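Numbering (my numbering), first residue to last: 125 to 277. So the structure is just underneath, and the comments pick up after that.
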Amino acid sequence: MSTKASEFIEILDMSLVDLDCVYELEFNTYDYPWTRNIIKDCIINKYDCYIAKNQTVIGYAISKITSIDSHILNLTVDKKYRNMGIASSFIEMIISKAKTYNSNSIFLETRASNLAAKKLYEKYGFKSIDIRKNYYKTFHGREDAIIYRKVLI
């Protein structure tokens with residue numbers, strides 16, 4: 125699958141060839157990143173994994189699409205490339221694919237402090253449905269996760 129996020133950025137299916145670049149972006153973005161093996165397992169187990177790429181990987185999305193419910197597991201865009209529509213392209217692709225699988229809903233979690241992500245998800249019709257107390261690690265303890273759901277049917 126190949127989709128243009130903007131004039132010079134392509135959205136492509138992620139493969140094991142991309143693993144090192146994806147992990148490097150994950151490691152450089154988050155204080156408590158996913159491990160390389162978690163990302164590798166998602167690719168091997170045929171999760172819906174995409175990259176945004178110009179000369180290098182500048183973003184990625186990992187989701188699990190099923191005919192019952194779908195889940196956005198991880199969505200990251202390099203700080204230098206934010207606000208260019210890349211995250212929106214990922215979300216639109218995931219919503220479209222979930223609809224083709226007749227998923228009832230798409231779920232995701234985000235940090236309570238991640239205002240940009242919350243604004244983006246709400247723009248696409250995701251609604252806050254619950255809170256997971258103390259879900260994420262921080263340098264100063266724990267932080268809540270906001271659970272979002274977008275109903276498709």
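Heads up, the beta-carbon is just placed ideally off N, CA and C, and yes, glycines get one too. Since we're looking at a predicted model, the values are computed, not measured.
Note down the Cα distance separating residue i from residue j, rounded to an integer number of angstroms.
i: Ile253; j: Phe151; result: 29 Å
i: Lys188; j: Ser220; result: 13 Å
i: Glu134; j: Asn178; result: 6 Å
i: Ile196; j: Asn238; result: 15 Å
i: Ile255; j: Leu149; result: 27 Å
i: Tyr272; j: Tyr245; result: 8 Å
i: Tyr260; j: Ser194; result: 21 Å
i: Lys242; j: Val201; result: 15 Å
i: Ile218; j: Gly265; result: 32 Å
i: Lys128; j: Lys203; result: Confidence in Lys128 is poor, its pLDDT being 49 and thus under 50, which makes the residue's placement unreliable; the coordinate value appears in the next sentence. Between Lys128 and Lys203, the C-alpha separation is close to 19 Å.
With a threshold of 16 other CB atoms inside 10 Å of the CB of residue i, please say whether the residue is buried or exposed.
i: Phe263; result: exposed
i: Val181; result: buried
i: Asp165; result: exposed
i: Tyr156; result: exposed
i: Phe132; result: exposed
Strictly by DSSP, which residues pair up with residue i?
i: Arg235; result: Ala269
i: Ile168; result: Its beta-bridge partners do not exist; DSSP assigns none.
i: Arg256; result: Ala269
i: Lys251; result: Arg273
i: Thr262; result: Gly265
i: Asp137; result: Tyr174
i: Ile230; result: Ser194 and Lys274
Flag this pair as yes or no: are the beta carbons of residue i and residue j separated by less than 8 Å?
i: Lys274; j: Ile210; result: no
i: Ile163; j: Leu136; result: no
i: Met208; j: Ile175; result: no
i: Asn240; j: Glu267; result: The question names Asn, yet the displayed sequence has Ala at residue 240. Taking 8 Å as the Cβ cut-off, Ala240 and Glu267 do not qualify as a contacting pair.
i: Thr190; j: Ser227; result: yes
i: Ile167; j: Leu140; result: yes
i: Thr234; j: Ile270; result: yes
i: Tyr171; j: Ile192; result: no
i: Tyr248; j: Ile277; result: no
Alpha helix (DSSP H) runs contained entirely in the segment 176-203, provided each spans 4 or more residues: none
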